[in-house]
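Below is one structure, written out as C-alpha cells; comments come after it.
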Amino acid sequence: MIISSTTDYRAAAQKRLPPFLFHYIDGGAYAEKTLARNVSDLADVALRQRVLKDMSQLDTSIELFGEKLAIPTVLAPVGLTGMYARRGEVQAATAACQKGIPFTMSSVSVCPIEEVAPKLNRPMWFQLYVLKDRGFMKNALERAQAAGVSTLVFTVDMPVPGARYRDAHSGMSGPNAAMRRYLQSVTHPQWALDVGLLGRPHTLGNISTYLGKNVSLEDYMGYLGANFDPSISWKDLEWIRDAWKGPMVIKGILDPEDARDAVRFGADGIIVSNHGGRQLDGVLSSARALPAIADAVKGQIKILVDSGIRNGLDIVRMLALGADCTMIGRAFIYALAAEGGAGVTNLLNLLEKEMRVAMTLTSVKRVSEITGDLLVQGG
1025 MIISSTTDYR AAAQKRLPPF LFHYIDGGAY AEKTLARNVS DLADVALRQR
1075 VLKDMSQLDT SIELFGEKLA IPTVLAPVGL TGMYARRGEV QAATAACQKG
1125 IPFTMSSVSV CPIEEVAPKL NRPMWFQLYV LKDRGFMKNA LERAQAAGVS
1175 TLVFTVDMPV PGARYRDAHS GMSGPNAAMR RYLQSVTHPQ WALDVGLLGR
1225 PHTLGNISTY LGKNVSLEDY MGYLGANFDP SISWKDLEWI RDAWKGPMVI
1275 KGILDPEDAR DAVRFGADGI IVSNHGGRQL DGVLSSARAL PAIADAVKGQ
1325 IKILVDSGIR NGLDIVRMLA LGADCTMIGR AFIYALAAEG GAGVTNLLNL
1375 LEKEMRVAMT LTSVKRVSEI TGDLLVQGG
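Heads up: the sequence shown runs through residues 1025 to 1403, numbered per the working numbering.
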C-alpha cells in the first residue's frame, strides 16, 4: 500500500487492527457530528496565497515552555497507545524525540512512565485526569517528576465518559465483549502476533504500578468509570498547581471564559480541544472555538489546540486561527498502528513537508509570521 497521507495511514490501520481497537480510536460520541466537523471546519479555512517572496529559507521550529520544537506540534495523550503497536508508547515517544518534538504519555497508557522515560533523549510530557482516587494522582505526579517529565497536561473535559456508541458495537464494551475481542484478534494475525503476543503485558502500566497488581483491559472501562469525578472544580486543581514544579497545561477548553479562568488559575497553557469529538457531541469544532479564545487570552497564556488536524496544512491553519502550537492524536495512532515507530516518523516528516509547502505558498518564513493576516475573510 502506498502511504502519502494520514488518510492512507487510517486505511492501513483499519485493515491491520481488530475492529474493537480501530473503532475505539476512530470513533466519537453520540452521532459523531463534532468528530466530523473537527475535520471539515478546519479544511474549510481558506488562506491567502502569496508568491515571489524568496522563500528559500524556512524555519518551522518554535520555542515552547523553554523547549525547542522542530515543528509546532506535540504528540497528544492517547489512552491504550500500547495496544496499537508492540509497546506502542515507547515506539511513539522515540519517534517524537528523534523528530525533536515532545511525546505526551496518557495516564491510562499500557507502558508505565518508568518504561518509557529512560529510553528518550528529551523530557516527555505527562497527562493526568482528576480522579476520585487522589492517591493515584499524587503517586503519578511524584513518579512523573522523578522521571524528568517536563510538562503536565491536565485533562478537564472528562468528568464523565462520553456516550460512544461504536464501542458497544465493536466489542470494546457491551455484551460478550471479551469473547468478541478474542475472535477479532485471531482473525487479525499480524496484530495478534506483534501486539497480542509479543506486546505483553497488556495492563494499564501507570495504574498497575500504583496498585501493585495488574489492571488489564478488562478492568479499563470499569476503573475509569468508577474514578472519574463529576465534582471537579478549579479548587481541585490548586494542590496540583502547588505540587507540580514545571509548566502545567489545561486540556479541554472550548469557551473564552474558561480560558480566562485558566489564566486566573495560573496555568502556563491551555489546549483548545473537544477531546477529538469523543465527549459532548454538538459542541464547536476546535477550529471554530479557537479564534474567540485567542482573542480573549492570546499573549497571556500559551494556546495549544487539537482535534481535526490531519496534515501540515491544518497545522498552519490552526496557527493562523490563533494557536501557538498544535497537538495530534488520531493521526499518529493511525501511523503507529500501520507501521509502528517508523510510521510515526514518516508521518511527522510528512507533516513538516506539508507545512513547508503551505508556508512557501503563503509567503511566511517563520512560524511567528503565521497570523490571522493569512486568513481569507469569509473563506
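For every residue, glycine included, the Cβ atom is placed at its ideal position computed from N, Cα and C.
Values in this document were obtained by computation on a predicted structure and should not be read as measured data.
CA-to-CA distance, residue j to residue i, given in whole angstroms
i: Leu1088; j: Gly1365; result: 24 Å
i: Val1287; j: Gln1081; result: 36 Å
i: Thr1118; j: Ala1164; result: 21 Å
i: Pro1136; j: Leu1076; result: 50 Å
i: Ser1130; j: Gly1396; result: 32 Å
i: Leu1066; j: Gly1236; result: 44 Å
i: Arg1205; j: Lys1092; result: 41 Å
i: Asp1068; j: Thr1128; result: 28 Å
i: Phe1289; j: Cys1121; result: 31 Å
i: Leu1375; j: Ile1339; result: 8 Å
i: Gly1090; j: Val1400; result: 33 Å
i: Asp1330; j: Phe1178; result: 14 Å
7 Å CB neighbourhood of residue i in its chain, flanking five on each side removed
i: Val1063; result: Gly1332, Arg1334
i: Ala1361; result: Ala1037, Arg1040, Leu1041, Tyr1108, Ala1109
i: Pro1183; result: Phe1252, Asp1253, Pro1254, Ile1256
i: Ala1320; result: Pro1280, Ala1283, Arg1284
i: Glu1139; result: Val1114, Gly1229
Residues near residue i in its chain [Cβ-Cβ closer than 8 Å; skip 5 each side]
i: Ile1325; result: Ala1283, Ala1286, Val1287, Ala1291, Asp1292, Gly1293, Ile1294
i: Gly1249; result: Pro1185
i: Asn1238; result: Pro1225, Thr1227, Ser1232
i: Leu1398; result: Leu1071, Arg1072, Val1340, Ala1344, Thr1386, Val1388
Option nearest residue i by Cα separation, candidates the options
i: Met1107; options: Ile1049, Leu1152, Leu1099, Tyr1054; result: Ile1049
i: Val1381; options: Lys1039, Thr1084, Pro1042; result: Thr1084
i: Tyr1234; options: Arg1205, Asp1181, Arg1111, Met1161; result: Met1161
i: Val1132; options: Ile1125, Val1102, Pro1147; result: Val1102
i: Gln1208; options: Ala1035, Phe1044, Thr1031, Arg1390; result: Phe1044
i: Gly1301; options: Tyr1054, Met1025, Thr1058, Thr1031; result: Thr1058
i: Gly1367; options: Glu1376, Phe1356, Leu1375; result: Phe1356
i: Leu1176; options: Ala1120, Gly1270, Tyr1247; result: Gly1270
i: Asp1032; options: Tyr1358, Gly1172, Val1340; result: Tyr1358
i: Asn1420; options: Thr1097, Ala1070, Ala1035, Ile1086; result: Outside the shown range of the chain, which is 1025 to 1403, sits residue 1420, and nothing can be said about it.
i: Leu1337; options: Gly1172, Ala1216, Arg1190, Arg1072; result: Arg1072
i: Ser1297; options: Lys1259, Lys1275, Val1219; result: Lys1275
i: Asp1266; options: His1047, Glu1166, Met1079; result: Glu1166
Residues that residue i bridges to, as DSSP identifies them
i: Leu1176; result: Phe1150, Met1272
i: Met1129; result: Phe1150
i: Leu1155; result: Phe1252
i: Leu1385; result: Partner(s): none; Leu1385 has no beta bridge.
i: Leu1399; result: Leu1071
Contact set for residue i: own chain, Cβ-Cβ below 6 Å, skip 5 residues either direction
i: Gly1124; result: Ala1094
The ligand MG heavy atom lying under 7 Å from the CB of residue i
i: Asn1370; result: Judged by which ligands are present, the structure shown has none, so any question about the ligand MG falls away.
Ignoring anything shorter than 4 residues or poking outside the segment 1316-1375, list the alpha helix (DSSP H) runs there in chain order. 1336-1345
For the segment 1039-1120, list the beta strand (DSSP E) runs that are entirely contained and at least 3 residues long, ordered along the chain. 1086-1088, 1091-1093, 1097-1099
Every unbroken alpha helix (DSSP H) inside the segment 1213-1278 [4 residues or more]: 1229-1235, 1241-1251, 1262-1267
Going residue by residue through the segment 1276-1313, where are the continuous beta strand (DSSP E) segments of at least 3 residues, counting only ones entirely within it? 1293-1296
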